[in-house]
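Chemist: Heads up: the sequence shown is residues 4 to 429, going by the numbering used here. The structure's right below; bear with me while I get my questions together.
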Amino acid sequence: MSDLIWHPFTPLKDAPVPLKVIHGKGAEITLENGKVLIDAISSWWVNIHGHAHPLISKAILDQSLKIEHVIFAGFTHEPAELLARNLTSLLPKSLNRVFFSDNGSTAVEVALKMAVQYYYNLGEKRSAFIAFEGAYHGDTFGAMATASRSVFSEPFDSMLFETHFVPYPETWLGDATVEAREQQIISRIESIFVESPDTFAGVIIEPLVQGAGGMRMCRPVFLQRLEKLCKEHGILLIFDEVMTGFGRTGDYFACLKAESTPDIMCLSKGITGGFLPLAVTVTSEKIQDVFKSDDNRHTFWHGHSYTANPLGCAAANASFEILTSQQKFRKLEIMQAEYESMLLDWEGIEKVRRCGTILAFDLKTESETGYFNSIASDLKRLFPEMGVLLRPLGNVIYVMPPYCITEVQLEKVYTAIKMALSHTQR
Ligand SMILES: *Cc1c(COP(=O)(O)O)cnc(C)c1O
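Structure representation (structure tokens):
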């Protein structure tokens, strides 16, 4: 272990020694000590086609021999143009303007800034947002401001701009109350809009699945109603699809699956299949038009050194090709659906839920305190010993593997979960 490195999302005191990975293939990664782990979480949700995929690797090599980087203001290149064509060919028709950046948090920052400046350019001062309890949008300031306040954000809370939080209408198999809760939330948002007109620039939501908040899932109909409400009140709707994009939900994008179209959409994570950092914020020509002006102040003055890096775009185009030609996520969805019905018979778990390729459930716990924390850390230790990479979110266990995972590998994952549960439930 290197003391030189400060690892992300890791309490420094008593941190377990990080596992050193030397290579990967398909859904497996191999550690320095020779142990092989099945990657059941797509390595922080990015690796959709399996590790070290040769087609993506080759696309990066080929591109690097042509042009590895070029300033993206005043210049353009084929990999970026092709990627914009690829993405917009699948997205709803109105989402046809692609702004590049290089990570999910930044894709969200760009969306928030676009929304605020959209109204600014129209001569309105709107700077507040509506967001959802349990949301996670990234670790930069705007992303933190629109995400649930927690121990993660606490040192910075006084610096975060005004955001109104409403509950996320999470649902699960056998949930009988969701419709009433959806109705309450829609009414609540409506009354906020009515009480404070001209205050809100946008509503931001993780459509269909809240990721880091515990794989909490909502119904398509809620997003459709939210879209309608935002339209009626002239407030921009932002879909943070950083996690849900590229096949995760059983369709290419959650907006397609939910048949609901936002004004602005954020994509990252799966975009390059886990090879290189890249992100996009996609919006409509109608919104972009408000930035076309002789007035300098109406320009979107935002960009990053690695904006639309050609190697990242080449990786994304190769990943897109694999995604659309093979559509392996459809097969994984069917396999996950089988485990979903099996999980209903398991003891000690509740709130079984699935969206496309993501299957999740809660561990029943006596309390949310010490006991529960010890289960979580027990599990984090047990899973690698059993040969799987899983990272429970609190008392939530979720399985979200690369689409290429085999039936045998997936079986091993669920066997490990079942064994681990029997260990912790004694
Ligand atoms: C991971 C994530 C982000 C942040 O993306 P980074 O690339 O880690 O900055 C934003 N929104 C959602 C929904 C995410 O899952």
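Here a beta-carbon is modelled for each residue, glycine too, at the ideal position from N, C-alpha and C.
Around the C-beta of Ala311, are 16 or more other C-beta atoms found within 10 angstroms, so that it is buried, or is it exposed?
Modeler: buried
Chemist: Counting pairs of beta carbons, one from the stretch 377-387 and one from the stretch 203-214, are three or more of them closer than 8 Å?
Modeler: no
Chemist: Only counting the same chain, and skipping five residues up and downstream in sequence, which positions put a Cβ closer than 7 Å to that of Gly397?
Modeler: Gly217, Ala379
Chemist: Check this for me: beta carbons of Gly32 and Ser46, under 9 Å apart or not?
Modeler: The sequence given here has Ile at residue 32, not Gly. The answer is yes: Cβ separation under 9 Å.
Chemist: Kindly indicate which three-state DSSP category Cys358 falls into: helix, strand or coil?
Modeler: strand
Chemist: Out of Lys354, His52, Ile241, state which residue places its alpha-carbon closest to the alpha-carbon of Gly273.
Modeler: Here the closest residue by C-alpha is His52.
Chemist: Can you tell which of Gln120, Tyr139, Gly137 has its C-alpha closest to the C-alpha of Ser130?
Modeler: Residue Gln120 is the option with its Cα nearest to Ser130.
Chemist: Please classify Pro395 as buried or exposed, where buried requires at least 16 other C-beta atoms within 10 Å of its C-beta.
Modeler: buried
Chemist: Run through the DSSP bridge pairs and tell me what Tyr401 is partnered with.
Modeler: Ala363
Chemist: Taking the straight line between their C-alpha atoms, what separation do you get for His140 and Thr149?
Modeler: In a straight line, the C-alpha of His140 is about 7 Å away from that of Thr149.
Chemist: Please specify which runs of the beta strand (DSSP E), each continuous and at least 3 residues long, are wholly inside the stretch 266-349, giving them in chain order.
Modeler: 267-270, 282-286
Chemist: Heavy atom of ligand 1 less than 8 Å from the Cβ of Pro280, yes or no?
Modeler: Correct: Pro280 has its Cβ closer than 8 Å to ligand 1.
Chemist: With a CB to CB cut of under 7 Å and the five nearest residues on each side skipped, what residues in its chain are close to Gln291?
Modeler: Arg100
Chemist: I'd like to confirm something about Trp48: is its beta-carbon nearer than 8 Å to some heavy atom of ligand 1, or not?
Modeler: yes
Chemist: Secondary structure at Val238, three-state DSSP: helix, strand or coil?
Modeler: Inspection of the sequence shows that residue 238 is occupied by Ile rather than by Val. Residue state, collapsed to three classes: coil.
Chemist: Taking all protein chains shown into account, decide if Gly126 is buried (16 or more other Cβ within 10 angstroms of its Cβ) or exposed.
Modeler: exposed
Chemist: Quick check on Thr149: does DSSP put it in helix, strand or coil?
Modeler: coil
Chemist: Please determine, among Phe75, Ala76, His80, the residue with the shortest C-alpha to C-alpha distance to Lys69.
Modeler: His80
Chemist: Is there at least one non-hydrogen atom of ligand 1 closer than 8 Å to the beta-carbon of Ser153?
Modeler: no
Chemist: From which residue to which residue does the beta strand (DSSP E) around His167 run?
Modeler: Unbroken beta strand (DSSP E) run through His167: 166-169.
Chemist: Expressed to the nearest angstrom, what Euclidean distance is found between the alpha-carbon atoms of Pro172 and Asp65?
Modeler: 46 Å
Chemist: Using the three-state DSSP reduction, which class does Val197 fall into: helix, strand or coil?
Modeler: helix
Chemist: Exposed or buried, Gln186, counting other C-beta atoms within 10 Å across all chains shown (16 or more means buried)?
Modeler: exposed
Chemist: When DSSP labels each residue in this structure, what does Arg219 get in the three-state scheme?
Modeler: strand
Chemist: State buried or exposed for Ser263, treating a residue as buried only when at least 16 other CB atoms are found within 10 Å of its CB.
Modeler: buried
Chemist: Apart from the five residues just before and just after Gln330, which ones in its own chain have a Cβ nearer than 6 Å to its Cβ?
Modeler: none
Chemist: Whole angstroms are fine: how far does the CA of Leu115 sit from the CA of Lys289?
Modeler: 17 Å
Chemist: Could you tell me whether any non-hydrogen atom of ligand 1 is closer than 8 Å to the CB of Tyr139?
Modeler: yes
Chemist: I want to check one thing, is the minimum distance from the CB of Thr508 to the heavy atoms of ligand 1 below 8 Å?
Modeler: There is no way to answer for residue 508, as the model of the chain reaches only from 4 to 429.
Chemist: So Asn106 and Pro313 are supposed to be a Cβ contact under 8 Å. How far apart are they, rounded?
Modeler: Pro313 and Asn106 do not touch by the CB rule: their CB atoms are close to 17 Å apart, not below 8 Å.
Chemist: Look up Lys28 in the DSSP assignment and say whether it is helix, strand or coil.
Modeler: strand
Chemist: Taking 8 Å as the cut-off, is the CB of Ser108 close to at least one heavy atom of ligand 1?
Modeler: yes
Chemist: Where Gly248 and Leu393 are concerned, what is the direct C-alpha to C-alpha distance, given to the nearest angstrom?
Modeler: 21 Å
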